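J.: Using our numbering, you'd call the opening residue of the sequence shown number 151 and step up by one each time.
Positions of the beta carbon are idealized from the N, C-alpha and C atoms, including for glycine.
Treat the numbers as computed from the prediction; the structure is a model and nothing was measured.
Following this message is one structure expressed as structure tokens.
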Amino acid sequence: MKKPEVEFRYYTMPADSYVLPKLGKGWEQEYGLGLGEQEHFHNYAEIGYCYHGHGRLLIDDREYRYGDEMFTFIPERIPHTTISDPGNVCKWEYLFIDIEGFVKNEMADCPLSADDILRVINRRGTLKSRVHNERMDAAVRAIFEECRAREPYYSESIKGYLRAVVIELLRLDEERESLKKSRGLSKSIDKALFYVDAHYAEDVHISDMALSCALSESHFRRTFENIMQMKPLDYVNFVRIKKACDLLEKTEDPIQGIAEKVGFPTLSTFNRNFRKVTGTTPNRWRRQSGDRDISLRGYHITAKKGWEGKNS
């Protein structure tokens with residue numbers, strides 16, 4: 151069976167910028183004309199804004215109906231396409247965003263780690279409307295206007311609005327909300343969770359976690375296990391393994407070195423805990439890491455320089 155073809159459209163981000171705008175009349179057209187339902191993906195996240203027009207939006211394996219004053223957020227590497235209703239000329243404008251660079255460089259003060267923020271907002275693409283998402287709509291529109299006007303300090307202004315967009319994406323994410331409920335991030339232990347995230351590579355003791363919350367060790371143990379449904383040191387190991395998984399996927403560091411970086415004194419202890427959390431070995435996890443990018447599985451990929459608007 152022939153694999154469906156998907157295009158990789160790549161853009162070049164301007165120096166010292168997180169946003170590449172695609173604006174103007176060139177983006178007012180009948181989308182998908184002559185292309186069928188061929189999907190594409192980008193090397194940057196995409197925000198698209200439909201000012202007027204109607205049609206279908208395909209994001210991975212889901213289909214939406216879009217219309218006036220609706221907007222999209224589509225992470226990099228998520229296949230998608232826009233298809234105007236027959237004969238319907240639609241006006242869209244687009245922002246391509248270095249979301250990873252922005253989050254890592256500009257949101258270090260957020261309670262969530264950069265990796266956790268990116269995991270949440272990159273989980274799936276979405277289509278939203280101005281009517282039901284007024285705050286995000288206002289922030290997105292403001293970025294477009296700052297890019298258009300380019301008044302003094304516009305780049306700093308864009309950073310502020312982009313931060314607002316990221317926060318709204320975190321608020322919208324159902325996984326984030328369910329995670330908060332399941333963990334019950336009570337104020338009585340949240341400082342311990344932040345402590346572990348900052349010190350997981352060190353020799354973390356329950357007494358350290360309890361002290362960060364200003365609780366006695368016995369009270370802390372009971373409270374933590376009631377909220378988290380796991381023992382404090384099991385949580386420490388869980389965080390260490392999660393960090394190890396990121397390193398296995400994103401680096402070529404030797405496994406022994408990764409074990410030491412995340413706080414395991416011996417390779418055997420690391421292997422045992424890794425299998426307990428993930429159900430597999432570090433070596434197998436690394437070999438299979440490419441397969442976990444399921445958004446692009448099963449496609450025949452071709453590459454093109456990113457589209458430009460008509461007559462631009």
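May I have the straight-line CA-CA distance separating V354 from A342, to the nearest angstrom?
T.: A straight line joining the alpha-carbon of V354 with that of A342 spans about 11 Å.
J.: What runs of the alpha helix (DSSP H), each 4 residues or longer, lie entirely inside the stretch 301–374?
T.: 304–322, 324–333, 340–349, 356–362
J.: Might you give, ordered along the chain, the residues of its own chain that have their beta carbon closer than 7 Å to the beta carbon of M286, omitting 5 neighbours on each side?
T.: K278, V315, E318
J.: So, under 8 Å CB-CB, L320 and I267 are touching, yes? Tell me the CB distance rounded to an integer number of Å.
T.: 7 Å
J.: Use the C-beta contact count for H190: other C-beta atoms within 10 angstroms, 16 or more gives buried, fewer gives exposed.
T.: buried
J.: Taking only three categories from DSSP, how would you classify Q179?
T.: In the displayed model, Q179 falls within a strand according to three-state DSSP.
J.: Taking the runs of the alpha helix (DSSP H) that are 4 residues or longer, which of them lie wholly in the stretch 218–284?
T.: 249–256, 264–271
J.: Quick check on K400: buried or exposed, where buried means 16 or more other Cβ atoms within 10 Å of its Cβ?
T.: In the assembly as shown, K400 is an exposed residue. Its beta-carbon has fewer than 16 other beta-carbons within 10 Å.
J.: Less than 8 Å between the C-beta atoms of K241 and H202, yes or no?
T.: yes
J.: Relative to the C-alpha of T384, which candidate in Y311, I271, R371 has its C-alpha closest?
T.: Residue 384 is actually Asp in this sequence, not Thr. Looking at the Cα atoms, R371 is the closest of the given residues.
J.: Run through the DSSP bridge pairs and tell me what A195 is partnered with.
T.: I247
J.: Quick one: Cα of W177 to Cα of V412, how far?
T.: Each residue's alpha carbon lies about 47 Å from the other.
J.: Cβ atoms of T232 and G275: under 8 Å apart, would you say?
T.: Taking 8 Å as the cut-off, the beta carbon of G275 is found no closer than this to the beta carbon of T232.
J.: Hey, C297 and L173 are a contact pair by Cβ (cut 8 Å); roughly how many whole angstroms apart?
T.: 7 Å
J.: For the 8 Å Cβ check, are there 3 or more pairs between the stretch 157–173 and the stretch 243–253?
T.: yes
J.: Indicate whether Y161 and Y194 have their beta-carbon atoms separated by less than 8 Å.
T.: yes
J.: In angstroms with no decimal places, state the Cα-to-Cα distance between T222 and E196.
T.: 8 Å
J.: With respect to the beta strand (DSSP E) encompassing E157, which residues constitute its N-terminal and C-terminal limits?
T.: 155–160
J.: With DSSP as the reference, label K400 as helix, strand or coil.
T.: helix
J.: Going by Cα to Cα distance, which pick from P302, F294, H349, H230 is closest to Y181?
T.: H230
J.: Ignore the nearest five residues each way along the sequence and tell me which others in R425's own chain have a CB closer than 7 Å to its CB.
T.: T431
J.: Hey, would you say T373 sits closer than 8 Å to I408, going by beta carbons?
T.: no
J.: Give the secondary structure of Y214 by DSSP, where H, G and I count as helix, E and B as strand, and everything else as coil.
T.: When DSSP states are grouped into helix, strand and coil, Y214 belongs to the strand group.
J.: Helix, strand or coil, according to DSSP, for P382 in the structure here?
T.: helix
J.: Consult DSSP for E296 and reduce its assignment to one of helix, strand or coil.
T.: It is helical.
J.: Checking the sheet assignment: what are the DSSP bridge partners for L200?
T.: One detail in the question is off: residue 200 reads as Cys in this sequence, not Leu. Bridge partners of C200: M220, W242.
J.: With which residues is G205 paired in a DSSP beta bridge?
T.: Y216, S234
J.: Within the same chain, show all residues whose beta-carbon is closer than 7 Å to that of I107, passing over the 5 residues directly before and after it, in chain order.
T.: Within the shown structure, residues of the chain are numbered from 151 to 462, placing residue 107 beyond reach of any answer.
J.: So, is V239 buried or exposed, given that buried needs 16 or more other C-beta atoms within 10 angstroms?
T.: exposed
J.: Quick check on the burial criterion: 16 or more other C-beta atoms within 10 angstroms. Buried or exposed for E157?
T.: buried
J.: Rounded to whole angstroms, what's the CA-CA distance from R434 to K381? Just pull it up for me.
T.: 27 Å
J.: With burial defined as no fewer than 16 other Cβ atoms inside 10 Å of the residue's Cβ, what is the status of Y303: buried or exposed?
T.: exposed
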